[in-house]
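Quick note: the working numbering has the sequence shown finishing at residue 314, numbered continuously throughout.
Worksheet: the structure to be examined is printed underneath.
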Amino acid sequence: MEESDLRFLQVQRAAVADPARASEWAGKKLCWVPHEKDGFVAGSIKQETNDEVIVEICDTGKTVTISKDDVQKANPPKFDKVEDMSELTYLNEASVLHNLKERYFSSLIYTYSGLFCVVINPYKRLPIYSESLIEEFKGKKRHEMPPHIFAIADSAYRSMLQDREDQSILCTGESGAGKTENTKKVIQYLAHVAGATRSKGGPQVPATSPAKGELEHQLLQANPILEAFGNSKTVKNDNSSRFGKFIRINFDMSGYISGANIEFYLLEKSRTLRQAPDERSFHIFYQFLRGTSAAEKGKD
């Protein structure tokens, strides 16, 4: 795996485990307090009464008096940018948001939260989806590698082979969260791993079966067609899926893909007739126009 791949996946723990920062955290009694603009800001507890706490805001030095119920404990510095938030000593809203923010600004877009993998859309391309990286994740246990959608896909794939049971991966979130892109990365991973299984010592493919790699290729190439007819530009997302899809991938006993089907539901049909300001209809209409000449566009 190249250096550029690792840079976007791993935390330099030496920079986090700083004894001076740990001492500062213990001495200042750091905490989180609500803030109108930033959600929560770091503060240092100066005095406590029965129901209230006097807190000095770290960034501004301003002193505020707030209810004890509004104060949330801060975690020791060793937990900064932690890969699995279930490991936090204080698992509160402020600490979760802080950890996700710190990881995001370090281009660490994947973070575990127990059984879940939290993803924050970077709105830019990161070099963390190469075939060499897929090989690094293949067959590894989750704790052996940094958080990644490939680790989730590999866990489901290995569980399917070992337990001989169906597996499910659910990608959920608000518009623009990255559901579609991460679904494509899951398919990319499974197609690569299943193809490698077929090519390395797997049973001979019957003459009536699709050619080696054909199903995997078809599965990957279906996405542009689906997006053309079902995606459109919205205020939040230039490639927003305006429909839901359930993708079922079938594997044979050896672990390579034997078939697949996709079910669609809840297509936003009204978008063909009207769109909100600064939004568009489905991509396919603009793609049709892009392929026509000026003369054809001028016809009634």
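We treat Cβ as the ideally placed atom computed from N, Cα and C, and that holds for glycine.
query = To the nearest angstrom, how far is it from the Cα of Glu232 to the Cα of Lys115?
reply = Contrary to the premise, residue 232 reads as Gln rather than Glu in this sequence. Distance between the alpha carbons of Gln232 and Lys115: 37 Å.
ask   = By how many angstroms is the C-alpha of Ile142 removed from the C-alpha of Ala274?
value = 26 Å
query = Quick one: what's Gly128 bridged to in DSSP?
reply = In the DSSP output, where bridge partners are listed per residue, Gly128 has none listed.
query = Measuring CB to CB, does Leu204 end up less than 8 Å from Ala167?
reply = Contact: yes.
task = Go through the region 52 to 129 residue by residue and report every complete run of the alpha helix (DSSP H) that reaches 4 residues or more, in order.
result = Here the runs fully enclosed are 107 to 118.
request  = Kindly indicate the opening and closing residues of the alpha helix (DSSP H) around Leu44.
outcome  = That residue, Leu44, is in no alpha helix (DSSP H); its beta strand (DSSP E) goes 44 to 49.
request  = Evaluate Ala165 with the Cβ neighbour count: other Cβ atoms within 10 Å of its Cβ, from every protein chain shown; 16 or more gives buried, anything less gives exposed.
outcome  = buried
inquiry  = Excluding the 5 residues flanking Phe22 on each side, which residues of the same chain have their C-beta closer than 6 Å to its C-beta?
reply    = Ser121, Leu140, Ile142
ask   = Quick one: what's got a C-beta closer than 6 Å to Pro220's C-beta in the same chain, skipping five residues either side?
value = Confidence at Pro220 is low in this model, with a pLDDT of 48, below 50, so its placement is unreliable and no value can be given for it.
task = Mark Tyr279 as exposed unless 16 or more other C-beta atoms lie within 10 angstroms of its C-beta, in which case mark it buried.
result = exposed
query = Exposed or buried, what is Leu303 when buried is set at 16 or more other beta-carbons lying within 10 Å of its beta-carbon?
reply = exposed
inquiry  = Could you compute how far the alpha carbon of Ile68 sits from the alpha carbon of Asn135?
reply    = 37 Å
message = Between the region 177 to 196 and the region 237 to 253, can you find at least three pairs of beta-carbon atoms closer than 8 Å?
response = yes
query = Which word fits Asp65, buried or exposed, when buried means at least 16 other C-beta atoms lie within 10 angstroms of its C-beta?
reply = exposed
message = If distances are taken between C-alpha atoms only, which option among Asp177, Arg262, Asn113 comes closest to Lys92?
response = Asn113
request  = Specify the secondary structure class of Glu282 as computed by DSSP and reduced to three states.
outcome  = coil
request  = Would you identify the three-state DSSP class for Ile276, choosing helix, strand or coil?
outcome  = strand
message = Just to confirm before moving on: does the CB-CB distance between Ser109 and Gly128 stay below 8 Å?
response = At a Cβ-Cβ threshold of 8 Å, Ser109 and Gly128 do not count as neighbours.
ask   = In whole angstroms, what is the alpha-carbon distance linking Arg294 and Ile239?
value = 18 Å
message = Taking the beta carbon of Arg262 as the centre, do at least 16 other beta carbons fall within 10 Å, making it buried, or is it exposed?
response = Exposure of Arg262 is indicated by the presence of fewer than 16 other C-beta atoms within 10 angstroms of its C-beta.
request  = List the DSSP bridge partners of Phe164.
outcome  = The partner list for Phe164 (beta bridge, DSSP) is empty, contrary to what the question assumes.
query = If you count every other CB in all the chains shown that lies within 10 Å of the CB of Ala56, and 16 or more means buried, which is it?
reply = Classification for Ala56: buried.
message = Less than 8 Å between the beta carbons of Lys95 and Val25, yes or no?
response = Yes; because the gap between Cβ atoms is below 8 Å, this pair is in contact.
inquiry  = What does the alpha-carbon distance come out to for the pair Cys185 and Lys82?
reply    = Using only the alpha carbons, I get a separation of about 37 Å.
key: Proximity winner among Ile271, Cys45, Phe243, relative to Leu105 (alpha-carbon distances)   = Considering only alpha carbons, the answer is Cys45.
ask   = Going by beta carbon distance, what residues of the same chain come within less than 8 Å of Ile201, once the five residues before and after it are set aside?
value = Within the same chain, Ile201 has close Cβ partners Leu233, Leu234, Asn237, Ile261, Ile263.
key: Integer Cβ distance of Ser246 from Arg285, believed to fall under 8 Å   = 6 Å
ask   = What did DSSP end up calling Ile261 once you bin it into helix, strand or coil?
value = strand
request  = Sort out for me which residues DSSP pairs Phe296 with in a bridge.
outcome  = DSSP output for Phe296 lists Ser246 as bridge partner(s).
key: Contacting residues, own chain, Cβ-Cβ under 7 Å from Ser223 (five flanking each side not counted)   = Summary for Ser223: the model assigns pLDDT 47, below 50, so the residue's position carries little reliability, and this model does not support an answer.
ask   = Taking the alpha helix (DSSP H) that Leu147 falls in, what are its first and last residues?
value = 145 to 151
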